[in-house]
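I have placed the structure first, in the form of structure tokens, so that the comments after it can refer back to it.
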Amino acid sequence: MISVIGAGLPRTGTTSLKAALELLGFGPCHHMQEIGAHPEQAPRWRQALEEPVDWTGLLRGYQAAVDWPSAYFWRPLARAYPDAKVILTVRDPHAWYVSLRDTVFALLHDPAAAPAELQPVVTGMRPLLDHIWRDTFGTTPADPMPAESHAVEMFRRHTADVTGALPADRVLIYETGQGWEPLCDFLGVPVPGEPYPRLNDRQSALTRLREPR
């Protein structure tokens with residue numbers, strides 16, 4: 001049963017949030033990485049564009065879901081799980097743009113450049129990812145990266161959409177770097193005795209993309 005829904009866009013600390021939620025007992029947490037580990041999920045996620053969606057079946061075994069593809073479906077997920085709390089991860093939108101351009105867009109624009117472990121995601125999820133990108137930015141991954149001003153406006157509009165659609169006590173706007181306290185307070189759990197995870201930052205993602213294959 002899903003008890004935490006991540007509504008944040010990719011490259012807003014979603015990998016770190018996945019690890020944090022699992023440390024706090026809200027695991028396993030679904031993330032795009034899960035499709036790389038379980039490529040049999042890809043056909044089921046592609047069907048999520050069709051109605052009706054069996055969210056319970058699609059996310060069976062998970063307690064939380066963050067990052068695309070689930071974050072794209074935050075509205076129907078919030079309806080399907082009315083008691084779930086929603087975490088909207090955010091960061092400086094201009095820094096986010098650079099990170100998205102150099103990682104997610106680079107992978108979708110040139111799938112052959114994807115590391116081996118991401119190939120099942122890029123190929124198996126291509127129709128859905130193309131749809132999500134087009135619906136989000138109004139372009140396709142085959143086109144040039146959207147202009148920074150356009151992407152930043154979309155980022156800010158997404159933040160307004162999420163916060164405007166949900167009661168204030170149901171959604172946490174969580175900015176990367178804030179640490180455990182706001183997250184644990186929101187979820188009603190104790191602060192762990194270890195640092196908040198910091199995973200898959202832009203530099204480590206770029207390193208993986210540039211490794212010889």
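Note that the sequence shown covers residues 1 to 213 in the UniProt record's numbering. Every residue gets a Cβ at the ideal spot worked out from N, C-alpha and C, and that includes glycine.
- Taking all protein chains in view, the Cβ of Gln41 is crowded by 16 or more other Cβ atoms within 10 Å, so the residue is classified as buried.
- In the three-state scheme derived from DSSP, where H, G and I count as helix and E and B as strand, Glu153 is classed as helix.
- With contacts defined by Cβ atoms closer than 7 Å, Val98 and Ile35 do not form a contacting pair.
- A check of alpha carbon separations from Ser70 across Ala116, Pro93, Val4, Leu107 identifies Val4 as the nearest.
- Beta-carbon to beta-carbon, Ala7 and Val104 are separated by about 17 Å, too far to satisfy the 8 Å threshold.
- Here the stretch 8 to 17 lies against the stretch 54 to 72, with 3 or more beta-carbon pairs under 8 Å apart.
- Restricting attention to beta strand (DSSP E) runs no shorter than 3 residues, the stretch 155 to 190 encloses them at 171 to 175, ordered along the chain.
- Following the DSSP letters along the chain, one finds Ile5 inside the beta strand (DSSP E) bounded by residues 4 to 6.
- DSSP, read as helix, strand or coil, puts Val53 in coil.
- Each of Met154, Gly27, Gln119, Glu51 was checked against the Cα of Arg60, and the nearest Cα belongs to Gly27.
- For Arg101, the CB contacts under 7 Å within the same chain, skipping 5 residues up- and downstream, are Met145 in chain order.
- For Thr89, the secondary structure class from DSSP, reduced to helix, strand or coil, is strand.
- The Cβ neighbour count for Met125, taken over all protein chains shown within 10 Å, is at least 16; the residue is labelled buried.
- Out of Ile173, Arg198, Gly177, the CA that lies nearest to the CA of Leu88 is found in Ile173.
- In the DSSP assignment, Thr15 falls within the unbroken alpha helix (DSSP H) covering 14 to 23.
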